[in-house]
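In what follows, a structure is listed as C-alpha cells, so that the remarks can point back to it.
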Amino acid sequence: MKKIAILGAGITGLAAAYFIQKRFGNSVTCTVFEASDRAGGWIKSIEHNGAIFELGPRTLRSSKELDALVKELNLEPLFAAHDAKKRYIATEGALHALPTSALELITTKLGRKILFALMKNSFCSKTAADDESVEQFFERRMGKSGCDTFISALTNGIYAALPEELSMRSCFPAIWEKRTLFMPAARSFNFSRGVEMLSERLSQGLSIRYNSAVDRVEERIDSVLVNSEPFDHLISTIQPSKLLRLLPESDPWRPFLSVPTTSLVAITVAYKASQAIPDGFGFLCTKSEDANLLGIVFDSNLFPKHNGGYETRLSVMFGGSKNPELAHYSDAALVAFTKEACKKYLNIHAEPDFLHVTRAVDAISRYPVGHYKRLEALRGNKRRISALGSGLTGVSVGDCVTQAYECVYKKIDETLMSP
Ligand SMILES: Cc1cc2nc3c(=O)[nH]c(=O)nc-3n(C[C@H](O)[C@H](O)[C@H](O)COP(=O)(O)OP(=O)(O)OC[C@H]3O[C@@H](n4cnc5c(N)ncnc54)[C@H](O)[C@@H]3O)c2cc1C
660 MKKIAILGAG ITGLAAAYFI QKRFGNSVTC TVFEASDRAG GWIKSIEHNG AIFELGPRTL
720 RSSKELDALV KELNLEPLFA AHDAKKRYIA TEGALHALPT SALELITTKL GRKILFALMK
780 NSFCSKTAAD DESVEQFFER RMGKSGCDTF ISALTNGIYA ALPEELSMRS CFPAIWEKRT
840 LFMPAARSFN FSRGVEMLSE RLSQGLSIRY NSAVDRVEER IDSVLVNSEP FDHLISTIQP
900 SKLLRLLPES DPWRPFLSVP TTSLVAITVA YKASQAIPDG FGFLCTKSED ANLLGIVFDS
960 NLFPKHNGGY ETRLSVMFGG SKNPELAHYS DAALVAFTKE ACKKYLNIHA EPDFLHVTRA
1020 VDAISRYPVG HYKRLEALRG NKRRISALGS GLTGVSVGDC VTQAYECVYK KIDETLMSP
C-alpha cells in the first residue's frame, strides 16, 4: 500500500486528499498534517445574531473542477443575487458604476474609457516576450489611464497588489493565452451556512492530524520523510516560503521557493438598521485612490439570506501593496479607518452593531514577472514532493481546487505507478 502525506488542511490540501481517496480508494493511505486545530485554512465562516459572516473568502467563482466538487459533495450553491452584478470603481473620491448596457458605454465617463480601450486593443500587436507585467500588457491595450483605472482596481480586488508588481502570464493565464481583454464570465456563489461548508464537508472521512505542524521534510531515494515518518509522496500546500524553511540546505528547490506575499486586513461590519448603500456587488479603489483602502464588498446585497438580524453587511478591505504594514496596526486604528471609509464612500454615519477584524498576514502571493520559470523548475523534476496551493498557482478557491485535481490526476498517478 502506498502512503501519501499532505501538508496543510486548507482548501488545496483538503481537495487533494479528497481526490486521492476518490481515485485510488483503499490502495493508498493519505494523511493530512495540519498545524492548527481546524480544517479550512483561510476559509472561515462565523454565525452571529442569525447572520453568516465570512472571515476569509466571501464569494466563490464558478469553475469546472469546483462546480463538479460542489455537486459531488451534495452541497447546494447559494448564488449571488442577480442585481448584485453591478460593480463600481472608486476614483477621485467618488463611486462610478461600470457600464452594464451598450448605451452606458457611450453616455458614461467609464463607458467611454472602455470603448477607447476596445478600439485601441483591436490595433494592438502581440508581444514576442514570454511574459510581461500586468501593467505593460494592459497599457499597450488600454492606454495608461485605462490601465490605472480598471486594471489597478481589478488587481487590488484579486491580488491586493499593483499591476506593475504582477506577471500577466501567471496572474491572468486565460487572457494571456488568448491575448483578449475579456475574462471568462462566471457566477459567484456561497452556501447556506457560509463557504466553510465546503471545507467542513471535504474534511469528513479524511485522515487529518490536527495540531501537527510539520517542521522537517527530506526526500530520500525510496521515500520522503515528513517529521521523520516515511511516505511515498508528499504534497505540500503551504506557502512556498514556509516549505523552504522545512527543506535541507541541499534541496534543489530552495532557489525557487521565495515567492513574494502581501498582507491585507478584512473588516466585517454590520448594521441592524438599513443603510442606504448602492445596488450591486461593491466597489474597488484604483491605485491612486485612498492610501489604504482596497475596496468594500456589499455582502448584504450579495447574499441577503445571510443577513440574519442585520439589514446592511459590508466587508471593508485594506492594505495589500497600498500599505502592507496595516496588518500590524491596532484594532482601534483599523476600526477608525473603517468608519472613515464607510462615511467617505457610502455616507454611513451610524455606528456598526457588529465588527470583526481579520489580519491576513502574508496571505496572498504576488507572482512576479517570470514566475512561470519557477513553476517549470518546480514541476519539471520528477520528485517525491509536489508543491501546489495559492502560494504558487492562482489565489482563488477555484484555482486551488483545480491545482489539486490536476496534481492528483496527472502527477501523482505517474509517481504511484512508477516502480
Ligand atoms: C481575507 C481574504 C479574502 C479572500 N477572499 C477570497 C474570495 O472572495 N474568493 C476566493 O476565491 N478567494 C479568496 N481569498 C483567497 C483564498 O481564500 C485563498 O487563496 C485560499 O483559501 C488558500 O488556500 P490554501 O489551501 O492554498 O492555503 P491556506 O488556506 O493558507 O491553507 C494552508 C494550511 O496549511 C497549514 N500549515 C501551514 N504551515 C504548516 C506546517 N508547517 N505544518 C502543517 N500545516 C501547516 C495552515 O495552518 C493552513 O491551514 C481570500 C483570502 C483572504 C485571506
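Each number in the working numbering corresponds to the 1-based position in the sequence shown with 659 added.
Backbone N, C-alpha and C fix where the C-beta goes; we use that ideal spot for every residue, glycine too.
Query: Flag this pair as yes or no: are the beta carbons of Pro822 and Pro919 separated by less than 8 angstroms?; Result: no
Query: From this set, Arg800, Phe962, Phe942 and Gly968, which residue's C-alpha is nearest Ala932's C-alpha?; Result: Gly968
Query: Within the same chain, show all residues whose beta-carbon is closer than 8 angstroms to that of Gly752, passing over the 5 residues directly before and after it, in chain order.; Result: Glu948 and Lys1003
Query: Measuring from the CB of Thr718, is there a heavy atom of ligand 1 at a distance below 7 angstroms?; Result: yes
Query: Quick one: residues in its chain with C-beta nearer than 8 angstroms to the C-beta of Gly802, no 5 flanking neighbours on either side, listed in chain order?; Result: Phe775, Ala776 and Lys779
Query: Going by beta-carbon coordinates alone, are Ile926 and Thr971 separated by less than 8 angstroms?; Result: no
Query: Phe977 and Val1020: beta carbons closer than 8 angstroms?; Result: no
Query: How many whole angstroms separate the CB atoms of Glu713 and Val854, which I take to be in contact at a CB cut-off of 8 angstroms?; Result: 6 angstroms
Query: Buried or exposed, going by whether 16 or more other CB atoms sit within 10 Å of the CB of Asp696?; Result: exposed
Query: Could you tell me the boundaries of the alpha helix (DSSP H) in which Asn849 lies?; Result: Careful: Asn849 lies outside any alpha helix (DSSP H), inside the beta strand (DSSP E) at Ser847 to Asn849.
Query: State the CB to CB distance for the pair Cys783 and Arg800, rounded to an integer number of angstroms; the pair is presumed to be in contact (CB under 8 angstroms).; Result: 5 angstroms
Query: In whole angstroms, what is the alpha-carbon distance linking Glu693 and His1008?; Result: 42 angstroms
Query: Is Ala995 near ligand 1 - that is, is its Cβ less than 7 angstroms away from at least one heavy atom of it?; Result: no
Query: What does the alpha-carbon distance come out to for the pair Ile705 and Ala1063?; Result: 26 angstroms
Query: Mind checking which residues open and close the alpha helix (DSSP H) that includes Asp990?; Result: Asp990 to Leu1005
Query: Apply the 10 Å Cβ neighbour rule to Lys981 and answer buried if 16 or more other Cβ atoms are within range, or exposed otherwise.; Result: buried
Query: Say yes only if the C-beta of Glu693 is nearer than 7 angstroms to one or more non-hydrogen atoms of ligand 1, and no if none qualify.; Result: yes
Query: Identify which residue in Tyr988, Glu999 and Ala819 has its Cα closest to the Cα of Cys944.; Result: Ala819
Query: Under the criterion of a Cβ to heavy atom distance below 7 angstroms, does Thr896 qualify as lining ligand 1?; Result: yes
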